[in-house]
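J.: For the sequence shown, the UniProt record's numbering assigns the number 1 to the initial residue and increments by one for each residue that follows.
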Amino acid sequence: MSHSNPPSPKRFERPGPLTGRIRVPGDKSISHRSIMLGALAVGETRVTGLLEGEDVLATAAAMRAMGAQVERGEDGTWRINGVGVGSLLQPQQALDMGNSGTSTRLLMGLVASHPITAMFTGDASLSKRPMGRVIEPLSQMGASFEASPGGRLPLMLRGISPAVPITYRLPVASAQVKSAVLLAGLNTAGTTTVIEPVPTRDHSERMLRGFGASLEVSEENGERVIAIQGEAELKPQGIVVPGDPSSAAFFVVAALLVPGSDLVIENVGLNPTRAALFDVLRDMGGNIEELDRREIGGEPVADLRVRHSALSGVEVDPAVVPAMVDEFPVLFVAASFAQGTTTTTGLEELRVKESDRITAMAEALTLAGARVEEREDGLVIHGTGGDPLPGTPEDAEVTTHLDHRIAMAMAVAGLASHNGVTVDDTAPIATSFPTFETLLASASGTS
Numbered sequence: 001m002s003h004s005n006p007p008s009p010k011r012f013e014r015p016g017p018l019t020g021r022i023r024v025p026g027d028k029s030i031s032h033r034s035i036m037l038g039a040l041a042v043g044e045t046r047v048t049g050l051l052e053g054e055d056v057l058a059t060a061a062a063m064r065a066m067g068a069q070v071e072r073g074e075d076g077t078w079r080i081n082g083v084g085v086g087s088l089l090q091p092q093q094a095l096d097m098g099n100s101g102t103s104t105r106l107l108m109g110l111v112a113s114h115p116i117t118a119m120f121t122g123d124a125s126l127s128k129r130p131m132g133r134v135i136e137p138l139s140q141m142g143a144s145f146e147a148s149p150g151g152r153l154p155l156m157l158r159g160i161s162p163a164v165p166i167t168y169r170l171p172v173a174s175a176q177v178k179s180a181v182l183l184a185g186l187n188t189a190g191t192t193t194v195i196e197p198v199p200t201r202d203h204s205e206r207m208l209r210g211f212g213a214s215l216e217v218s219e220e221n222g223e224r225v226i227a228i229q230g231e232a233e234l235k236p237q238g239i240v241v242p243g244d245p246s247s248a249a250f251f252v253v254a255a256l257l258v259p260g261s262d263l264v265i266e267n268v269g270l271n272p273t274r275a276a277l278f279d280v281l282r283d284m285g286g287n288i289e290e291l292d293r294r295e296i297g298g299e300p301v302a303d304l305r306v307r308h309s310a311l312s313g314v315e316v317d318p319a320v321v322p323a324m325v326d327e328f329p330v331l332f333v334a335a336s337f338a339q340g341t342t343t344t345t346g347l348e349e350l351r352v353k354e355s356d357r358i359t360a361m362a363e364a365l366t367l368a369g370a371r372v373e374e375r376e377d378g379l380v381i382h383g384t385g386g387d388p389l390p391g392t393p394e395d396a397e398v399t400t401h402l403d404h405r406i407a408m409a410m411a412v413a414g415l416a417s418h419n420g421v422t423v424d425d426t427a428p429i430a431t432s433f434p435t436f437e438t439l440l441a442s443a444s445g446t447s
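(1) Taking the C-alpha atoms as reference points, what is the distance between Met207 and Val225?
(2) Would you mind stating whether Gln229 and Leu37 have Cβ atoms separated by less than 9 Å?
(3) Tell me the rounded alpha-carbon separation between Gly286 and Gly445.
(4) In whole angstroms, what separates the C-alpha of Ala319 from that of Ser218?
(5) Would the segment 72 to 86 and the segment 101 to 109 be scored as touching if the rule is three or more Cβ pairs under 8 Å?
(6) Less than 6 Å between C-beta atoms, sequence neighbours within five positions excluded: which residues of the same chain meet that for Val252?
(7) Within a Cβ cutoff of 7 Å, which residues of the same chain sit near Val181, ignoring the five residues on either side of it in sequence?
(8) Would you tell me roughly how many angstroms separate the C-alpha atoms of Ser125 and Leu402, rounded to the nearest one?
(9) Whose CA, out of Leu367, Glu363, Gly383, Arg201, lies closest to the CA of Glu374?
(10) Under the DSSP definition of a beta bridge, which residues are partnered with Gly243?
(11) Rounding to the nearest angstrom, what Cα-Cα distance links Asn187 and His404 in this structure?
(12) Return the Cβ separation of Ser161 and Pro115 in integer angstroms, given the expectation that the two are a contact with Cβ distance under 8 Å.
(13) At what residue ranges does the segment 284 to 344 contain a whole run of the beta strand (DSSP E), taking only runs of 3 or more?
(14) For a minimum of 4 consecutive residues, which ranges assigned as the alpha helix (DSSP H) are wholly contained in the segment 99 to 175?
(15) Give me the Cα-Cα distance between Gly386 and His32, rounded to the nearest whole angstrom.
(16) Taking 8 Å as the threshold, find out whether the segment 19 to 26 comes into contact with the segment 57 to 69 through three or more Cβ pairs.
(17) Secondary structure at Phe433, three-state DSSP: helix, strand or coil?
(18) My assumption, with CB atoms under 8 Å, is that Asp425 sits in contact with Pro9. Please give the rounded CB distance.
(19) Should Gly260 go down as buried or exposed, given a rule of 16 or more other Cβ atoms within 10 Å for buried?
(20) Taking its Cβ as the centre, do 16 or more other Cβ atoms sit within 10 Å of Val172, making it buried, or is it exposed?
(21) To the nearest angstrom, report how far apart Arg351 and Thr273 are at their CA atoms.
(22) Once you ignore the five residues that flank residue 464 on each side, which residues in its own chain have a CB closer than 6 Å to its CB?
(23) Of all the options Ala416, Leu281, Val241, Phe332, which has the alpha carbon lying nearest to the alpha carbon of Gly76?
(24) Count the other C-beta atoms from every protein chain shown that fall within 10 angstroms of the C-beta of Arg357, then say buried if there are 16 or more, exposed otherwise.
(25) Would you list the residues sitting across from Gln69 in a DSSP beta bridge?
(26) Quick one: grab the DSSP three-state call for His3.
(27) Can you check which of these residues, Phe433, Pro428, Ser432, Val412, is closest to Arg11 by C-alpha distance?
(28) Helix, strand or coil: which one does DSSP assign to Ser417?
(29) Taking C-beta to C-beta, are Leu291 and Asp283 nearer than 9 Å?
(30) Does the Cβ of Asn267 have 16 or more other Cβ atoms within 10 Å, making it buried, or fewer, making it exposed?
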């Protein structure tokens, strides 16, 4: 889980058109939350379509370590027998979060309002990511922390029960911080409130309600106010996980860029707090059609038909950043092939992801022959007008910094380049999308 194996470099080159029908793995955000809430419900929760990437498996292992039964059946259905809110057990060893920031921050929230102590560890990439934004509100609720310098992993969390309900205004738009506070509020008597100046993905709110938590969302002075009542009793659920829009994004952009492509991506989650990339790509001229729009488990879903398109540069409204924060690496790739200039701003959050995604993508695209200007809060990309990028030199590799999205975004760039793009390590892709290369081979007829 910690990517200690030797790097696995690979060169991604121009395939045939991407055609047919594919289905991407389940949504990562929903998969994490279904295991956590199932582990806090009394009885058996069943989950189908769960993403079986390393990040989600880290969450499953952590919940097992704290007393829940989390098992995959032969039919692919995951069964989670929970311990009940307030009944998490003391883990006997450190919780290894691998590369998963979501697992770490949300589980810190869960543990904070239980009378247990947990050590959180992670790989080299995760250990560079700041946890102070979660430590601050959870400390206000009464939890205590011993963190590495800069508020980083490894860290020791001592939870407290009863915890203190708080009202917390998010200083940065972060669904992970919001979710951590709400999860801590599950086992905190009284009302725990989170104020969001800028809306972020709302999977936690939808799923908490689905499991029976008393949660209210209101608008006050243009801000979103989310209030949860503790101490909650959660009821087990049956959950169908839709396809992850962040994973679908790579195939959407690939089909837009590779000539002759006409690809259907089935069962893609289109939660409005997640799907802004597809709107931006349509604004650029991308031919992305929604087929059979429907609702599954409270989440909007559709099949996406994507055809090769001539793209034009745009100025991306910073207001959409929270609804596509993980998709900017692959948007940068799309912009590299557009007619004209694409400008992005308000992306400071990308500097504290699995890597500094602004600098990492600027360097990677430049190596592949794109014209990129790096600014403090985003990139300005001068597109090729639809022509292929040159690709990386034969003796050069894109540095992915153990970041799965950098690796996949530059793989897509390779598909639309003259000479291909070599990424230094494909192993991190398994954290979120273990079937990426297999699906790519299937869609391009090279399997």
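All residues carry an ideal CB built from backbone N, CA and C; glycine is no exception. A quick note: this is a predicted structure, and the numbers were derived from the prediction, not measured.
T.: Concretely, from the data shown:
(1) 17 Å
(2) no
(3) 23 Å
(4) 20 Å
(5) no
(6) Val306
(7) Gly109, Pro137, Tyr168, Thr192, Val194
(8) 6 Å
(9) Glu363
(10) Gly26, Val268
(11) 34 Å
(12) 4 Å
(13) 287 to 296, 299 to 307, 341 to 343
(14) 101 to 112, 132 to 140
(15) 38 Å
(16) no
(17) coil
(18) 6 Å
(19) exposed
(20) exposed
(21) 21 Å
(22) Outside the displayed range of the chain (1 to 447) lies residue 464, so it cannot be described from this structure.
(23) Val241
(24) buried
(25) Asn81
(26) With a pLDDT of 48 at His3, under the threshold of 50, the predicted position of this residue should be treated as unreliable, though the coordinate-derived value follows. Reduced to three states, the DSSP call for His3 is coil.
(27) Val412
(28) strand
(29) no
(30) buried
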